[in-house]
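Residue numbers (the numbering used here): 342 to 708.
Report on the structure given below.
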């Protein structure tokens, strides 16, 4: 089974759904001595299987696959006997909130610039579980070396089945309580995500307000709560950041934003452009948390859509369904003000070039 101690370079390429994570990027991270990841979120199981095949053609190194845990499969934090009723009530509340948000978007669409066409917002899909069961079966069938879970905590039987196949399980956590729950469920490694991280916060409960404890302090809290190996995620962008995280108890660091401009990343043209503009001082250099694009808190470069919807509801994945066509239209138009420009607080250190070179620089090594 995979362990962090097996890494030649104590670094993990963060799984980034929506395009940035590619087989090429995962292979490059692996060949550099780290652990590369594919992101299964928002993809069909068939598409993920194709990417696994591509990755194995590129590299024989171990790799990981990240899965989004749907509400129906999430065992945190509701007691088992109350899960069915609580989940049904939460789903109904989120769908209602998402539909209200949709009405706001429809009203705002009529206020767009003259001569422009704004697509109709989508509708919530109550049946969407992101292909959860099919992807779990794929992990087992393909004997993926490492699988990580984000947005929830699967039942202990899932961890037991993976362990029986020699598959290492990682859970993203954002506080000590989540860490203890993940350890009790059967996780082998915890990815400790600090508030500095770009993209979605990995709280195990989507309605939870993410904490603001800095990553190095958070690592200490989690280390005291449970004995599992830790991966540090959030704002890691310089040799000093990496050293501080490792000194605070992490066995490896995870980087995502740092690789968004790399040659191997599948970052969209509009996302690359927006990030490069921020790096070079041509746009608002701030990042902020928003629920406006998906219904879950996520950090990105602040743009007009985020500013226009500061009170977007806790309604994942339904807000994601609603805004999908709006984001696609903005991307097609090359408009960075209408897409999610996910980025962490260390975005200023993102740079173009081969991923292995970027990672060696992170550890103060020669190119």
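Note that CB positions come from ideal geometry on N, CA and C, so glycine has one too.
Per DSSP, reduced to three states, the secondary structure at residue 701 is helical. A distance below 7 Å between beta-carbons, with the five flanking residues on each side excluded, links residue 515 to the following residues of its chain, in chain order: 534, 542, 543, 544, 551 and 552.
Under DSSP, residue 488 forms a beta bridge with 406 and 510. Ranking 585, 603 and 412 by CA distance to the CA of residue 496 puts 412 first.
Collapsing the DSSP output to three states places residue 523 in a helix.
Taking a contact to require three or more Cβ pairs closer than 8 Å, the segment 667-686 and the segment 630-647 qualify as touching. By the criterion of a C-beta distance shorter than 8 Å, residue 613 is surrounded in its chain by 601 and 602, once the five residues flanking it on both sides are discounted. Residue 377 places its beta carbon less than 7 Å from that of residue 404. The continuous alpha helix (DSSP H) containing residue 614 extends over residues 610-620. When DSSP assignments are scanned along the segment 574-604, the uninterrupted stretches of beta strand (DSSP E) that are 3 or more residues long and fall wholly within it turn out to be 593-596.
In this structure, DSSP gives residue 545 a state outside helix and strand, which the three-state scheme calls coil. The segment 650-660 makes contact with the segment 431-448; the number of CB pairs closer than 8 Å reaches 3 or more. Secondary structure note for residue 641: its beta strand (DSSP E) is the uninterrupted segment 639-642. Distance check between residue 408 and each of 389, 690 and 523 places 389 closest, using alpha-carbon atoms only. In the DSSP assignment, residue 646 falls within the alpha helix (DSSP H) that extends over 645-649. In the DSSP annotation of this structure, the continuous segment of the alpha helix (DSSP H) that includes residue 477 starts and ends at 473-483.
One alpha carbon belongs to residue 351, the other to residue 593, and they sit about 4 Å apart. Non-local beta-carbon contacts of residue 508 in its own chain, meaning distances under 8 Å to residues more than five positions away in sequence, involve 342, 480, 481, 484, 485, 486, 487 and 488 in chain order.
Between residue 473 and residue 429, the gap from beta carbon to beta carbon reaches 7 Å or more. Just so you know, the alpha carbons of residue 382 and residue 361 end up roughly 12 Å apart.
Between residue 511 and residue 529, the beta carbon gap of about 7 Å places them in contact (Cβ cut-off 8 Å). Collapsing the DSSP output to three states places residue 343 in coil. Taking the Cα of residue 694 as reference, the smallest distance to any Cα among 347, 356, 355 and 370 is reached at 370. Residue 533 sits in a strand when the DSSP states are folded into three classes.
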